[in-house]
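For the sequence shown, my numbering assigns the number 4 to the initial residue and increments by one for each residue that follows.
Report on the following structure.
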Amino acid sequence: MSELRVKRDPEGTRRRILEAATEQFTKFGLAGARVDAIATAAGTNERMLYYYFTSKEGLYVAVLEAMYGKFAERESSVDLTGLPPAEAIRQLAQSIWTYLRENPQWLSLINNENLHEGRYLERSSTMRETISPVVDLLRTILQRGTATGEFREGIDPLDFYVTLVGMGYYIVSNRYTLEAFTGRNYADHVRQKTISTMHVDMLLSYLRPADNRA
């Protein structure tokens, strides 16, 4: 690919670099990913990679930002406004858990960044803003549920969101070790449906006022 073409399509070049870097970081982590391999897969050169992202670490942070951004954009775009609060919680949870199952790259990157104790995510100036739309969506649902008497008061939307995501994340990210340890395949579609239903019931039971719990 000529340098002239790269200059004429800066957004395309940046996008291809991010896509190639996502593959490398997913497979090899930050330490094992190679800048030359990323540049080759993106159809550009290392100089352009450094031009757009400054360093390998800068590119890694950009990949994390893009992955979290896609996740937040998808979840915040789910239209739950016409649904009863309990059903809105159910659909939001299922949407998030489905995304986790369908995007193993996202899980690999998160697991890798946890090995780095989150130090690269801390460099991001936009990461905490990314989560806000999803938490705001959940806050609105909880407020509607409280107003109708379906949900109890005092639920922290961020804590609830972290709990909700954690339920789905654990089952997906640990599916191989869970099968080895328990002999049960939680990647199986029927098993996924069963445990997702259990998780939703647990979440809704927590949200109900004490005198409304079965």
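Cβ atoms here follow ideal geometry from the backbone N, Cα and C, with glycine treated the same way.
In this text the structure is predicted, and so the values were computed from the model without any measurement.
Its Cα nearest to that of Ile20, the residue Ala42 stands out among Ala42, Arg211, Ser135. In this structure, the alpha-carbon of Arg187 lies about 7 Å from that of Leu181. Sequence-distant Cβ neighbours of Ala40 in its own chain, meaning closer than 7 Å and more than five residues away, are Gln27. Excluding five sequence positions before and after Ala190, the CB atoms of its chain that fall closer than 7 Å to its own CB belong to Arg178, given in chain order. For Ser80, the secondary structure class from DSSP, reduced to helix, strand or coil, is coil. For the pair of segments examined, the region 78–92 was found to touch the region 143–150: the number of CB pairs separated by less than 8 Å reaches three. With respect to the 8 Å criterion, Tyr164 and Val193 are not classified as neighbours on the basis of their beta carbons. In the three-state scheme derived from DSSP, where H, G and I count as helix and E and B as strand, Tyr55 is classed as helix. Inclusion of Leu67 and Tyr123 in the CB contact set at 8 Å is warranted, their separation being smaller than that value. Minimum Cα-Cα distance from Ser128 among the listed residues Gly72, Lys30, Glu49 corresponds to Gly72.
Contact annotation, Tyr102 with Arg131: C-beta distance approximately 20 Å; criterion of less than 8 Å not satisfied.
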